[in-house]
Structure formats: structure tokens, C-alpha cells
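Residues 492 to 839 (full-length UniProt numbering) make up the sequence shown, in order.
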Amino acid sequence: ATPTAVTVGVGRAAEYGVLIKNGEVLENAGKTKIAIFDKTGTITEGKPEISDIYPVDDNLKFYYPIFIKNQRIMENSNLDSSLNSSLDSSLGSSLDSNLNSNDLNDFLLMITGSLESKSNHPIAKTIVKECQNLKINLFDLDSFENISGKGLKAIYKNKQIIVGNKKILDDENIKISDDLLERYLKLSNEGKTTILIAIENDVLGIIALMDKIKDNAKYTMDSLKSLDIEPMMITGDNNKTAIEVGKKVGIENIISEVLPNEKLDHLINIKTKFSNSIKKDNGNNIIITFVGDGINDAPAISGADVGIALGSGSDIAMDSGDIVLTDDNLENVVVAIEFSKKVIRRIK
Ligand code: ADP
Ligand code: MG
492 ATPTAVTVGV GRAAEYGVLI KNGEVLENAG KTKIAIFDKT GTITEGKPEI
542 SDIYPVDDNL KFYYPIFIKN QRIMENSNLD SSLNSSLDSS LGSSLDSNLN
592 SNDLNDFLLM ITGSLESKSN HPIAKTIVKE CQNLKINLFD LDSFENISGK
642 GLKAIYKNKQ IIVGNKKILD DENIKISDDL LERYLKLSNE GKTTILIAIE
692 NDVLGIIALM DKIKDNAKYT MDSLKSLDIE PMMITGDNNK TAIEVGKKVG
742 IENIISEVLP NEKLDHLINI KTKFSNSIKK DNGNNIIITF VGDGINDAPA
792 ISGADVGIAL GSGSDIAMDS GDIVLTDDNL ENVVVAIEFS KKVIRRIK
């Protein structure tokens with residue numbers, strides 16, 4: 492290789508916001524056959540907004556007096572009026588008439604937010620912010636556990652609370668009614684990340700979050716295809732959500748419901764599968780590029796032939812990436828690959 496071409500390439504790329512950490516990667520990027528993208532925070536903004544709240548009224552009304560009655564820290568809460576009446580009366584049944592649907596939504600958010608305040612997932616940040624906006628105070632949980640790729644689990648007042656996807660409810664053997672399941676699937680079909688909330692064996696409701704797809708995501712995928720590169724998506728989110736996002740950006744090849752520690756394994760499987768199926772004249776394995784933000788996917792970034800990390804991602808992403816897109820511009824995946832192709836041509 493001519494060191495000059497590489498040095499010049501690295502320098503020029505940096506001006507575009509593409510930080511290339513070594514010459515070897517600059518040469519490999521241009522040979523990419525498959526580019527695998529993480530969904531949340533990479534194809535999407537990673538700043539989901541709450542789009543739907545569906546409370547299961549009867550179950551919320553049942554737990555409301557148990558959880559709220561001795562709660563004395565609600566000064567600013569929307570739950571105020573009903574709280575006062577709950578203090579006035581010790582009978583749950585008299586509460587029912589006072590609880591309006593706003594109260595029930597707030598109670599659902601309160602329970603969810605109490606668990607999410609312990610998590611730093613994008614879902615968690617959004618829900619906790621919403622609780623702050625609505626001045627909903629959160630519980631001090633007695634215990635808390637993060638179930639990677641599935642959700643959260645906690646104990647409060649000797650009751651188990653679960654917040655997460657259907658997998659975590661299935662793991663706990665919590666039954667979901669047909670009506671709720673239908674809603675869960677419908678919301679997921681709309682491309683929303685949909686979470687269920689349960690106390691003990693009772694499902695209290697659904698919260699759906701919509702994460703905006705980046706404006707240039709479709710353009711990026713189209714550009715890759717025109718370079719004869721197959722874009723793929725990998726995500727921990729549920730299949731229906733992933734397929735809907737894929738449709739919007741033009742990705743057909745999707746691996747969903749993947750646990751964080753499985754992302755790298757999938758990448759290796761894809762590499763093996765495609766390397767075997769594509770007869771390469773030089774017998775080399777195909778080059779796989781992985782693009783992620785480092786949340787849940789740092790091992791895949793560092794394990795890929797070419798690991799590209801978004802600049803807005805975690806510090807660990809910056810460390811794991813062979814290439815860092817410093818200004819967080821998804822299109823720069825294409826710029827990196829094109830620079831690499833130019834350098835390869837010069838070297839030849
Ligand atoms: P992604 O690959 O989209 O970043 P994750 O592996 O982080 O996904 O999470 C996969 C799924 O697990 C989420 O879509 C959600 O259903 C559930 N989940 C993970 N963390 C949480 C959380 N803090 N609260 C609720 N659900 C969660
Ligand atoms: Mg991500």
C-alpha cells in the first residue's frame with residue numbers, strides 16, 4: 492500500500508466528519524458487502540416520544556389504594572385530588588368514582604417511571620422526563636433488576652413490578668388478555684416500541700413510544716444499495732416494530748428480538764453464511780461493516796470487520812469503533828466507504 496494515499500484519505504475523510512483510526516480499516520471499508528445497522532439510536536434518533544398510553548382501569552384501580560394511600564410526597568402531583576380523597580377515605584371502592592382516566596394514566600406512568608428512573612435506556616429517559624413534566628413523584632423501590640434486552644423488574648411493598656416487552660412477561664408467566672395482546676401487536680405494527688406494565692400477575696397497561704427515523708436513513712440505504720452493498724438491521728426491539736422501520740428506510744433483511752450479548756454472534760453467523768454462499772474469486776471472506784451507537788452494541792462494533800460508531804454515542808462506542816462519525820451523520824457511512832474505494836483505486 493502506498494502510505495501517502497492512505498494518509499491523504501484519512502485526512503480528507505476527517506474533514507467530512509469521518510474519523511478513520513487506521514489504514515487497514517480504510518482499505519477494508521471499501522470492500523464492504525453487507526452493512527448491518529443497529530436500529531435504536533442509529534437508524535432512528537434514539538429519542539422516543541410517548542405516543543400511546545393504554546391503562547387497564549380495573550387493575551390500576553385495584554392497586555391505586557395499596558400504593559398511593561401511604562404516599563405523602565405528592566404535593567405537586569396531578570394525583571393530588573384523588574390522593575386527598577384516598578386519605579379521607581380508607582375504602583378503595585369510594586376511590587373508584589374519584590379516579591378519572593387522567594389519574595389512572597398518571598398512576599401508570601408513576602409505576603413505570605419508578606422503575607425506569609433506575610435505567611438509562613432511551614425508553615427510560617423519555618418516561619422519566621414525562622413524569623417530571625407532569626410532576627409525578629416516583630416510588631422508592633425496595634429492589635430493582637435490569638433484564639437485558641427485555642425490561643425491568645422490581646419489588647415495591649412486597650409486590651413484583653415488571654416493565655418491558657412481551658418476552659419478560661412470558662418469562663414471568665404473566666397472562667396477557669386477548670384484547671391487550673391485540674393492542675400490543677397493533678401498536679408494534681405501527682413501528683412503535685411497545686412496553687407492558689404488570690404488578691404481580693396483573694397487567695396494568697401498555698405504553699407505546701415512537702422513535703423518529705433519521706431523515707437521511709432512507710437515502711443512506713439507497714446509496715449503499717447503489718454501491719452493491721446489502722443493508723441489514725439488527726435490533727432488540729420486537730419483530731413487527733423492526734419490519735415497519737425497515738420498510739420505511741428500505742431494509743428487508745432484519746434480525747430482531749436479539750439480546751444485547753447476541754448481536755456479535757449474529758454478525759459472525761451472517762459473515763459465515765454469506766461467505767459460504769458468495770463464491771469469491773480470491774477466496775476471501777466477505778467484509779461486514781457494522782454501524783451502531785454503542786448502546787448495547789459495542790461488542791458488535793469492535794467485532795465487525797469494519798466497526799463504525801456514531802459520534803453521539805457512548806464513550807465505549809468511540810473506543811470500539813474503527814471509524815467514528817464525529818458529527819453523527821448517518822450518511823457519512825457512505826462517505827467512509829467511498830473514500831475507502833478511492834484509496835483502494837489509488838493503491839492499485
Ligand atoms: P435496541 O436494540 O432497540 O436498543 P434493547 O436490546 O436495548 O433494544 O431492548 C430491547 C427491548 O427490551 C426494548 O425494545 C424493550 O421492549 C425492552 N426494554 C429494554 N430496556 C427497557 C426498559 N428500560 N424499559 C422497558 N423496556 C425495556
Ligand atoms: Mg442502539
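Each residue gets a CB set at the ideal place from its N, CA and C atoms; glycine is no exception.
Three-state secondary structure (DSSP) of residue i
i, result
"Asp-693", "strand"
"Glu-636", "strand"
"Asp-543", "strand"
"Lys-644", "strand"
"Gly-783", "strand"
"Leu-660", "helix"
"residue 454", "Lying outside 492 to 839, the shown extent of the chain, residue 454 is not represented and no answer is given."
"Leu-755", "helix"
"Thr-685", "strand"
"Val-797", "strand"
"Asn-628", "coil"
"Asn-760", "helix"
"Ile-614", "helix"
"Thr-603", "helix"
"Ile-745", "strand"
"Gly-802", "coil"
"Gly-500", "helix"
"Ile-777", "coil"
"Lys-620", "helix"
"Ile-807", "helix"
"Ile-698", "strand"
"Ser-577", "With a pLDDT of only 45 at Ser-577, under 50, the local geometry of the prediction cannot be trusted, and no value is derived from it."
"Ile-704", "strand"
"Phe-495", "Reading off the sequence shown, one finds Thr at residue 495, where the question assumed Phe. If DSSP states are grouped into helix, strand and coil, Thr-495 belongs with the helices."
"Thr-533", "helix"
"Leu-595", "helix"
"Asn-820", "coil"
Straight-line Cα distance separating residue j from residue i
i, j, result
"Pro-722", "Asn-637", "31 Å"
"Phe-765", "Ile-777", "7 Å"
"Leu-816", "Glu-506", "11 Å"
"Asn-656", "Val-834", "45 Å"
"Ala-827", "Ile-602", "45 Å"
"Asp-543", "Arg-836", "52 Å"
"Asp-819", "Asp-806", "13 Å"
"Lys-648", "Leu-599", "16 Å"
"Pro-494", "Ile-511", "14 Å"
"Val-736", "Ile-704", "8 Å"
"Ile-725", "Ser-768", "21 Å"
"Pro-790", "Lys-666", "34 Å"
"Gly-812", "Ala-800", "5 Å"
"Leu-821", "Glu-691", "42 Å"
"Lys-538", "Lys-620", "11 Å"
"Glu-681", "Ser-608", "26 Å"
"Ala-496", "Glu-829", "14 Å"
"Gly-604", "Leu-629", "7 Å"
"Leu-700", "Gly-502", "40 Å"
"Asn-593", "Val-509", "48 Å"
"Ile-838", "Ser-634", "59 Å"
"Ile-627", "Lys-616", "15 Å"
"Thr-763", "Ile-742", "20 Å"
"Ser-803", "Thr-732", "24 Å"
"residue 855", "Met-809", "Residue 855 lies beyond the residue range present for the chain, which begins at 492 and ends at 839; the question has no answer from this structure."
"Ile-720", "Val-749", "23 Å"
"Leu-582", "Tyr-554", "The predicted position of Leu-582 is uncertain, since its pLDDT is 42 and thus under 50; a value taken from the coordinates is nonetheless stated next. Leu-582 and Tyr-554: Cα-Cα distance of roughly 13 Å."
First through last residue of the beta strand (DSSP E) which encompasses residue i
i, result
"Phe-528", "523 to 529"
"Tyr-507", "It is not in any beta strand (DSSP E) - Tyr-507 carries neither H nor E in the DSSP assignment."
"Pro-722", "721 to 725"
"Gly-655", "650 to 655"
Chain B contact for residue i (CB, 9 Å cutoff)
i, result
"Lys-754", "Of the protein chains in this structure there is only one, and it is not chain B."
Endpoints, the alpha helix (DSSP H) within which residue i is located
i, result
"Val-824", "823 to 838"
"Leu-551", "548 to 559"
"Lys-716", "708 to 717"
"Gly-794", "789 to 794"
"residue 854", "In this structure the chain extends from 492 to 839, so residue 854 is not present and cannot be described."
"Gly-514", "514 to 520"
"Glu-673", "669 to 680"
Contact test: residue i Cβ vs the ligand SAM heavy atom, cutoff 8 Å
i, result
"Gly-640", "Looking for the ligand SAM in the displayed structure turns up nothing; the ligands present are the ligand ADP and the ligand MG."
Is the region 525 to 545 touching the region 696 to 712 in the sense that three or more CB pairs, one from each, lie closer than 8 Å? Counting Cβ pairs under 8 Å, three or more are found: they touch.
Pairing CB atoms from the region 746 to 764 with CB atoms from the region 609 to 618, are three or more of them under 8 Å? no
Do the region 508 to 522 and the region 681 to 693 touch if we need at least three Cβ pairs shorter than 8 Å? no
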